[in-house]
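Peer 1: Per the working numbering, the very first residue in the sequence shown carries number 223; after that it's consecutive.
Before we start, here is the structure in question, set down as structure tokens.
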Amino acid sequence: CYSPDSLTSLEAIIETCRRRGLDKIAVTDHNTIAGALALRELAPELVIVGEEIKTSNGELIAFFVEEEVPAWLPLEEAIARLRDQGAIVGVPHPLDRLRREAMGLTALLTIINRVDCLEGFNARCILPGDNRRALALAREHGLPVTAGSDAHSPMEIGAAYVEMPPFAGKEDFLSSLRQARIGGHLSCPLVHFTSVWAKIRRKTPMTKSQ
């Protein structure tokens, strides 16, 4: 959507979601909600506005965000800003050993009682054991589990999914999530190159041939 490592158009997201039978999609661009808000204007019944936020000590993911939280805040301050606006706070791809931005165990345990959920399956994890460790940690602490396609291209949308009872909004989202079943498959590791290409395209001026 509007992440620097994605070139996916809003229209492509909507079309792919409908073709694959997805009832809801959480749009969690890196450090911005602009894309999610724009997509919600086009398909309000489909979109949950979210944000993936880089903090000084790992990343957070939030759902039902109304006010953007900037990057590089201290972890506790970022959580406080999300709490103040009533957002649902989680941790994406926790314990992923191949991502520098993933939150490690030490930092995670310091805030485990201040988050609402943990991502127990991320389709872009390269080492399957990292997903298993995240899922085990969520269960150990009694936290509901989310799954993320981490889609940076249309072909990845729906790679991971959550089947859950209907919910009206953030008020009953977590109770529904506790009854959910997660599913999906790991994406091909080569999808990471699409993110690299997107970054290059965004930084490189395009010239028009005559």
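Don't be surprised by glycine CBs; every beta carbon is placed ideally from N, CA and C.
Just so we're clear, the structure is a prediction, and the values are computed from it rather than from any experiment.
Flag this pair as touching only if the segment 390-398 and the segment 249-265 have three or more C-beta atom pairs under 8 Å; answer yes or no.
Peer 2: Touching, no.
Peer 1: Between which residues of its own chain and A260 is the CB-CB distance below 7 Å, once the five residues before and five after are set aside?
Peer 2: Excluding residues within five positions, the ones whose Cβ falls inside 7 Å are L232.
Peer 1: Just curious, the alpha helix (DSSP H) that N353 is in, first and last residue?
Peer 2: Run containing N353: 350-362, per the alpha helix (DSSP H) assignment.
Peer 1: Out of G406, L412, G380, H374, which one is the CA nearest neighbour of G460?
Peer 2: Nothing about residue 460 can be reported from this structure: the residues present for the chain run from 223 to 432 only.
Peer 1: Measure from the alpha carbon of H315 to the alpha carbon of each residue in R361, A300, E299, R355, then state which is nearest.
Peer 2: The residue with the shortest Cα to Cα distance from H315 is R355.
Peer 1: So what's T254 in DSSP terms, helix, strand or just coil?
Peer 2: Of the three classes helix, strand and coil, the one that applies to T254 here is coil, per DSSP.
Peer 1: Pick out whichever of G272, L229, L365 has its Cα sitting closest to the Cα of E288.
Peer 2: Of G272, L229, L365, the residue nearest in Cα terms is G272.
Peer 1: Going straight from the alpha carbon of Q432 to that of L297, what length do you get?
Peer 2: Low confidence applies to Q432: its pLDDT is 43, below 50, so where it sits in the model is not reliable enough to give any reading.
Peer 1: Applying the 10 Å Cβ sphere with the 16-neighbour rule, what's the burial state of D245?
Peer 2: Per the 10 Å Cβ criterion, exposed.
Peer 1: So, helix, strand or coil for N279, using DSSP?
Peer 2: DSSP places N279 in coil when its eight states are reduced to three.
Peer 1: Report buried or exposed for D352, applying the criterion of at least 16 other Cβ atoms within 10 angstroms of its Cβ.
Peer 2: With 16 or more other Cβ atoms within 10 Å, it is buried.
Peer 1: For the putative contact between A390 and D372, defined by C-beta atoms under 8 Å, what is the C-beta separation to the nearest angstrom?
Peer 2: That pair is no contact at about 27 Å.
Peer 1: Please classify A369: does DSSP put it in a helix, a strand, or coil?
Peer 2: Correct three-state label for A369: strand.
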